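If you count the sequence shown from 1, position 13 lands on 16 in the numbering used here, and the numbers rise without skipping. Backbone N, C-alpha and C fix where the C-beta goes; we use that ideal spot for every residue, glycine too. Nothing here was measured: the structure is a model prediction, and the numbers come from that model. Structure first, then comments.
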Amino acid sequence: MKKLVECVPNFSEGRRPEVIDAIVKEILTVAGVKLLDKEMDKDHNRAVVTFIGEPEPVKQAAFKAIAKATQLIDMEKHKGEHPRIGATDVVPFVPISGTTMQECVILARQLGQEVADKIGIPVYLYEAAATRTERQNLAEIRKGEYEGLKQEIQTNPERKPDFGPSRLHPTAGAVAMGARMPLIAYNVYLGTRDVTIAKKIASAIRFAAGGYRYVKALGFEIKERGLVQVSMNLVNYQGTPIFRVFETIKREAARHGVPIISSEVVGLTPADALYDVADFYLQLENFRKEQVLETKLLDLERGADKSIHDFLNEVASSAPTPGGGSVSALAGSLASALSAMVCNLTIGKAKYEAYREELTSVLQKANQLQIELEELIILDSESFEAVMQAMKLPKSTPEEVAKREKSLEEAYRKATSVPLQVMEKSLQALELAQITAEKGNLNSVSDAGVAALLGQAAVQGAYFNVMINLPSLKDHDFKSQVQTRAEEINKQALELAQRTINAVREQLGCPKDT
């Protein structure tokens with residue numbers, strides 16, 4: 004599986020298409036980078052560009068985009084509804100496939116240092132890349148916006164950037180860089196010119212004011228349309244789905260005697276977020292995303308139609324892949340699937356109504372983990388195959404030896420990182436198994452127990468695969484970090500699995516001496 008990272012820079016320009024076109028043109032000069040989307044908003048005076056590729060080319064493209072925006076956008080002349088601190092306001096990196104959040108954090112920090120050193124723009128790190136807890140929240144960094152930050156950055160030690168000078172760039176201001184999961188930019192338009200209503204509703208739903216955990220919201224007047232807008236970032240669509248936010252806004256708007264005119268998604272959104280909306284409003288029974296024709300066709304193209312029989316035969320063959328790493332990922336995926344099954348057998352039953360909301364959340368997480376671990380089955384095999392290919396490289400000259408050693412180091416690094424991802428996700432699967440064992444349908448408690456056993460096997464199996472690859476690595480810092488984290492996860496998994504298994508045995512009335 005190819006390593007893919009998405010980058011979604013936001014630029015403080017929404018009224019001059021030629022400026023954004025020039026920035027996009029600069030992005031596409033980097034080989035291997037593909038443009039996914041670009042959106043401009045005149046009222047916000049802001050543009051969102053989305054591109055994707057392998058990590059290093061994406062980082063290069065982001066730097067080029069920032070450099071071009073610095074040439075073309077002057078913050079001294081910028082006016083718009085949306086909060087901002089710079090010409091390139093935010094640059095988030097998003098892991099898509101074959102990459103981890105930590106890799107995106109490293110990208111953000113490397114790019115931040117480069118932008119500060121070469122362009123002279125102060126850089127703040129946010130979300131997962133943040134070096135200070137309060138800066139995980141982008142709103143904290145944007146406090147006072149460009150105009151307020153101009154003085155604060157020079158006089159207030161709390162506003163000191165992570166990289167670069169403690170003064171704004173004369174035209175480009177500052178930039179926030181981070182790493183995050185896929186975010187949905189979602190707006191709802193209300194049939195009124197009274198912006199105070201939009202602001203009140205935004206306050207009611209955003210987390211910072213006591214609303215939904217994964218919602219950031221503001222109220223704006225859209226003068227051109229004679230409407231107001233509740234503008235949102237949904238930072239975890241599984242934790243707070245689109246339909247829940249929409250229904251709350253509709254209810255709050257009705258209290259003010261205001262209708263909803265329309266809503267919109269800005270930029271790209273994961274298909275699962277829309278499946279959730281369809282499932283909710285159509286009240287579908289036992290809906291699976293595999294029922295969507297395009298999804299099924301895509302799965303077929305990826306080889307997802309391979310049967311269990313085929314996979315088992317491949318494992319049993321003399322080929323070195325798929326091996327224990329892929330089997331561990333499969334065990335983790337099965338653990339997640341069993342937890343999802345227990346949730347599906349519990350949700351909707353009156354006896355368990357008190358747990359409906361929590362188990363609905365568990366179900367969403369379990370479904371996502373099942374998919375992610377299924378992808379790691381393939382990725383583990385691919386990572387080991389890369390090691391074998393690197394071993395076959397020639398080593399007749401010093402140059403060939405150096406190239407081979409570099410390729411081997413990169414391949415072993417990936418072959419170590421993949422099972423560590425399996426450990427991380429299988430630990431999450433174990434956490435879900437514990438919840439389903441405690442709060443799920445009693446008739447399915449044995450299934451929750453099997454989920455815990457599989458989760459434990461997945462973590463320990465992946466741990467063995469981490470440990471067997473570590474001695475081949477030369478980067479001692481990386482080895483130390485990976486081993487420390489692997490030991491932490493393994494310890495947590497053993498304790499969690501034992502607690503869950505003991506709870507299941509007690510509910511089943513198993514003899515204590517067996």
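Within the segment 6–57, the runs of alpha helix (DSSP H) that reach at least 4 residues and sit entirely inside it are, in chain order, 20–30. For Gly512 and Pro325, the gap between their C-alpha atoms comes out near 38 Å. Excluding its 5 nearest sequence neighbours in each direction, Ala211 has C-beta neighbours in its own chain below 8 Å: Asn140, Ala142 and Lys219, listed in chain order. Comparing alpha-carbon positions, the option among Leu423, Lys482, Gln501 and Asp478 lying closest to Met104 turns out to be Leu423. In this structure, the beta-carbon distance from Gly115 to Ser15 does not fall below 9 Å. By the CB criterion at 9 Å, Lys477 and Glu361 fall outside the cutoff. Under DSSP, Ile225 takes part in a beta bridge, and its partners are Leu230.
Across the structure, Asn493 and Arg247 are spaced so that their CA atoms are roughly 36 Å apart.
Annotated as distal: Ser331 and Asn370, with beta-carbon spacing of 9 Å or more. Spatial neighbours of Gln510 in its own chain (CB-CB distance under 6 Å, excluding positions within 5 residues in sequence) are listed in chain order as Val448. Here Arg216 is not near Thr174, since their CB atoms are 9 Å or more apart.
Excluding the 5 residues flanking it on each side, Gly147 has same chain C-beta neighbours closer than 8 Å at Glu155, in chain order.
Per DSSP, Asn239 is not a residue of any alpha helix (DSSP H), being assigned neither H nor E. Closest option to Gln232, judged by alpha-carbon separation, among Ala256, Gln74 and Tyr240: Ala256. The DSSP-derived three-state label of Ala220 is strand.
Burial is judged here by how many other beta carbons sit within 10 angstroms of a residue's own beta carbon; Asn472 has at least 16 and is buried. In the three-state reduction of the DSSP assignment, Thr349 falls in the coil class, being assigned neither a helical nor a strand state.
The bridge partners DSSP lists for Phe166 are Val126.
If you draw a straight line from the Cα of Ile26 to the Cα of His172, it is about 19 Å long. When DSSP states are grouped into helix, strand and coil, Ala257 belongs to the helix group. By the neighbour-count definition (other C-beta atoms within 10 Å, threshold 16), Ala34 is an exposed residue.
The alpha carbon of Lys71 has as its nearest neighbour, out of Lys299, Thr91 and Pro125, the alpha carbon of Thr91. Non-local beta-carbon contacts of Thr272 in its own chain, meaning distances under 7 Å to residues more than five positions away in sequence, involve Ile187 in chain order.
Leu271 carries a coil assignment under DSSP once its states are collapsed to helix, strand and coil. Asn140 sits in coil when the DSSP states are folded into three classes, being neither helix nor strand. Ile76 sits in coil when the DSSP states are folded into three classes, being neither helix nor strand. Residue state for Ala188 is assigned as strand, using DSSP reduced to three classes. Spatial neighbours of Ala496 in its own chain (CB-CB distance under 8 Å, excluding positions within 5 residues in sequence) are listed in chain order as Met426, Ser429, Leu430, Leu433, Gly458, Gln459, Val462 and Gln463.
The beta carbon of Leu287 sits closer than 8 Å to the beta carbons of Ala281 from its chain, once the five residues preceding and following it are set aside; these are given in chain order. Within the same chain, Ala414 come within 6 Å of Ala389 by CB-CB distance, once the 5 residues on both sides are set aside.
In the displayed model, Thr91 falls within a strand according to three-state DSSP.
With a beta-carbon spacing of about 5 Å, Tyr127 and Ala179 fall inside the 8 Å limit used to define contacts.
Nearest C-alpha to Leu315 among Glu267, Ile380, Ile109 and Thr439: Ile380.
Boundaries of the alpha helix (DSSP H) around Val448: Val448 to Asn472.
For Ala182, no alpha helix (DSSP H) run applies; the uninterrupted beta strand (DSSP E) run containing it begins and ends at Val178 to Ala182, by DSSP.
Per DSSP, Phe314 is one residue of the alpha helix (DSSP H) stretching across Ile311 to Ala319.
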